[in-house]
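Residue numbers (my numbering), protein chains in the order written: chain A, 1 to 307; chain B, 1 to 307.
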């Protein structure tokens with residue numbers, strides 16, 4: 001009845017053309033859980049943090065229906081830390097610092113109480129860790145989705161290829177799709193990637209929206225044109241959380257419902273970028289989300305009436 | 001009852017990562033006329049060509065209902081020539097050669113028989129030429145649309161600002177919108193540009209689709225994801241031709257109909273890029289166009305069903 005999320009819970013320090021954050025709470029699984037918990041509960045979290053990770057952040061997530069049994073707390077170590085600086089276009093960024101800390105020897109353990117889960121979201125992590133979670137599940141979930149990144153294509157391609165054969169939905173960005181497939185055309189890239197295992201491929205294009213590929217069909221979701229993109233960190237994870245949250249809520253695996261999931265993901269990502277870190281995700285209400293879904297509908301609605 | 005088109009009729013030599021053309025027929029008004037004549041006829045063309053421009057190209061357009069009375073033929077001069085090379089992303093290009101030739105001292109003359117026109121499409125040209133056409137019309141058309149480019153923002157901004165106060169729809173690409181407004185955010189750019197005169201602003205983003213801004217509303221049209229973009233030359237003009245052709249056919253100036261016009265423009269542009277020059281525009285049938293409109297509808301259709 002629930003969704004397992006695996007990924008980092010960590011600290012980020014972010015510079016954008018519009019400001020600079022101190023060390024703030026981030027990490028893929030943090031964003032995914034904040035986003036997905038608007039749609040489905042409980043969420044069963046798998047991650048690792050150090051003794052420096054704020055207890056109140058864990059409590060806030062628990063209050064949202066996020067089960068922390070699978071989150072290992074290494075009291076005497078420090079949490080994963082990433083620092084980066086975005087360029088003016090907000091689509092490209094430089095990594096300033098990466099400190100693996102607790103992530104260096106992370107061995108995920110799936111608690112028994114998670115074994116009944118129907119949906120699995122594998123956040124961006126070393127593919128051998130993603131694989132370990134899949135292997136520990138006694139029953140295959142109804143839908144397994146994953147995120148990954150260029151780094152793993154360069155350093156762990158063998159493991160990544162193994163994971164790709166075991167999942168249903170891959171969510172990556174356009175440059176990652178090009179790198180994974182060796183194809184510049186996203187249509188050709190999608191065909192190549194769908195042959196590697198996943199049935200569905202979501203290519204996220206930041207401010208240019210997202211594409212969903214399935215067999216010979218394609219669906220396009222726009223990004224909401226925003227006056228200011230304040231901080232893109234976590235937008236992709238928030239997108240994935242919205243998508244999987246919607247799928248877990250509806251339990252409908254049709255292509256039409258996947259489309260709705262992509263719109264939900266796009267709507268959630270459009271909130272995420274409005275403030276630093278998870279700030280905006282902590283503020284929004286169900287009404288805010290419903291209002292934004294309506295904006296997406298209006299943004300692309302037209303009637304063809306062509307003779 | 002008809003549409004006036006003003007713009008270049010010219011020669012292009014194009015290099016793309018997929019091939020290289022000889023000197024082939026191009027020019028903004030050529031693409032606009034080929035595209036718009038699928039939807040409305042007659043089209044009343046205003047341009048200038050040299051003695052080297054192929055008579056059969058003129059005849060083909062005449063056979064499509066394009067009136068050539070306003071096209072000056074300077075027998076002893078050569079037509080405008082542009083040569084360019086596209087980069088792999090097909091969104092950026094280098095100009096290799098520009099020869100103004102007949103365009104250097106072009107003085108457009110609006111024939112009397114064009115005075116009854118209801119719609120005016122000002123293709124990309126020196127803004128003082130665009131202004132001259134507007135001034136020669138005794139009755140203001142119901143809708144005036146224009147295209148322009150960075151070059152005129154740098155070299156003829158005073159004239160460009162004057163034209164902007166006299167038009168209804170501006171169609172430009174994203175980098176041009178940023179340059180014209182001095183704003184990086186396209187939403188902020190649109191607000192600034194709408195204050196300069198036009199009621200409607202279309203921002204074309206190539207493979208990333210197009211945005212239509214009107215008052216506080218925004219509409220997004222995707223680009224069709226294509227396996228190969230063969231030659232983007234003329235895609236923007238073809239888009240404008242489809243848009244104005246649709247508006248001239250329907251004579252409906254509502255925002256909803258502008259949206260349909262943007263989709264028609266996007267559909268036409270998606271054909272244009274499939275082959276070099278005007279080749280594909282010369283082949284397509286009404287059925288091809290209707291089929292592609294359906295593809296656009298499918299590409300973005302979803303039903304929100306969010307509780």
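Quick reminder that beta carbons are idealized off the backbone N, C-alpha and C, glycines included.
Beta-carbon proximity check, residue i vs residue j, cutoff 8 angstroms
i, j, result
"residue 186 of chain A", "residue 203 of chain A", "yes"
"residue 280 of chain B", "residue 271 of chain B", "yes"
"residue 153 of chain B", "residue 180 of chain B", "yes"
"residue 190 of chain B", "residue 213 of chain B", "yes"
"residue 55 of chain B", "residue 37 of chain B", "no"
"residue 11 of chain B", "residue 23 of chain B", "yes"
"residue 52 of chain B", "residue 79 of chain B", "yes"
"residue 6 of chain A", "residue 46 of chain A", "yes"
"residue 209 of chain B", "residue 220 of chain B", "yes"
"residue 308 of chain A", "residue 231 of chain A", "Lying outside 1 to 307, the shown extent of chain A, residue 308 of chain A is not represented and no answer is given."
"residue 88 of chain B", "residue 141 of chain B", "no"
"residue 26 of chain B", "residue 234 of chain B", "yes"
"residue 276 of chain A", "residue 262 of chain A", "no"
"residue 267 of chain B", "residue 289 of chain B", "yes"
"residue 176 of chain A", "residue 146 of chain A", "no"
"residue 224 of chain A", "residue 295 of chain A", "yes"
"residue 117 of chain A", "residue 3 of chain A", "yes"
"residue 111 of chain B", "residue 62 of chain B", "no"
"residue 125 of chain A", "residue 8 of chain A", "yes"
"residue 300 of chain B", "residue 300 of chain A", "yes"
"residue 165 of chain B", "residue 206 of chain B", "no"
"residue 217 of chain B", "residue 184 of chain B", "no"
"residue 115 of chain B", "residue 100 of chain B", "no"
Listed by chain order, chain B residues near residue i by CB distance under 9 angstroms
i, result
"residue 198 of chain A", "What residue 198 of chain A touches in chain B: nothing, since even the nearest Cβ is about 17 angstroms away."
Anticipated Cβ contact below 8 angstroms, residue i with residue j, distance rounded
i, j, result
"residue 28 of chain B", "residue 182 of chain B", "Between residue 182 of chain B and residue 28 of chain B the Cβ distance is about 26 angstroms, and since that is not below 8 angstroms, they are no contact."
"residue 144 of chain A", "residue 129 of chain A", "Contact flag wrong, Cβ pair sits at about 14 angstroms."
"residue 31 of chain B", "residue 237 of chain B", "4 angstroms"
"residue 102 of chain B", "residue 48 of chain B", "5 angstroms"
"residue 320 of chain B", "residue 127 of chain B", "The requested residue 320 of chain B is not part of the displayed model; chain B covers only 1 to 307."
"residue 241 of chain B", "residue 35 of chain B", "3 angstroms"
"residue 264 of chain A", "residue 293 of chain B", "Actually they are not in contact, since the Cβ atoms of residue 264 of chain A and residue 293 of chain B sit about 27 angstroms apart, beyond 8 angstroms."
"residue 245 of chain A", "residue 39 of chain A", "3 angstroms"
"residue 97 of chain A", "residue 81 of chain A", "7 angstroms"
"residue 269 of chain B", "residue 239 of chain B", "4 angstroms"
Within chain B, partners of residue i - CB distance below 7 angstroms
i, result
"residue 185 of chain A", "227 and 228"
"residue 88 of chain A", "184"
Interface partners of residue i on chain B, CB under 8 angstroms
i, result
"residue 263 of chain A", "302 and 304"
Chain-ordered neighbours of residue i on chain A, where CB pairs are closer than 9 angstroms
i, result
"residue 297 of chain B", "302, 303 and 304"
"residue 188 of chain B", "227 and 228"
Residue i: CB within 7 angstroms of a non-hydrogen atom of the ligand GDP
i, result
"residue 167 of chain A", "In the structure on display, the ligand GDP does not appear, and there are no ligands present to speak of."
Under 8 angstroms by beta carbon: chain A residues contacting residue i
i, result
"residue 222 of chain B", "209, 220, 222 and 300"
Closer than 8 angstroms to chain C by CB, residue i
i, result
"residue 81 of chain A", "Among the protein chains in the structure shown, which are A and B, there is no chain C."
Along the stretch 21-55 of chain B, what residues have a CB closer than 7 angstroms to any CB found in chain A?
none
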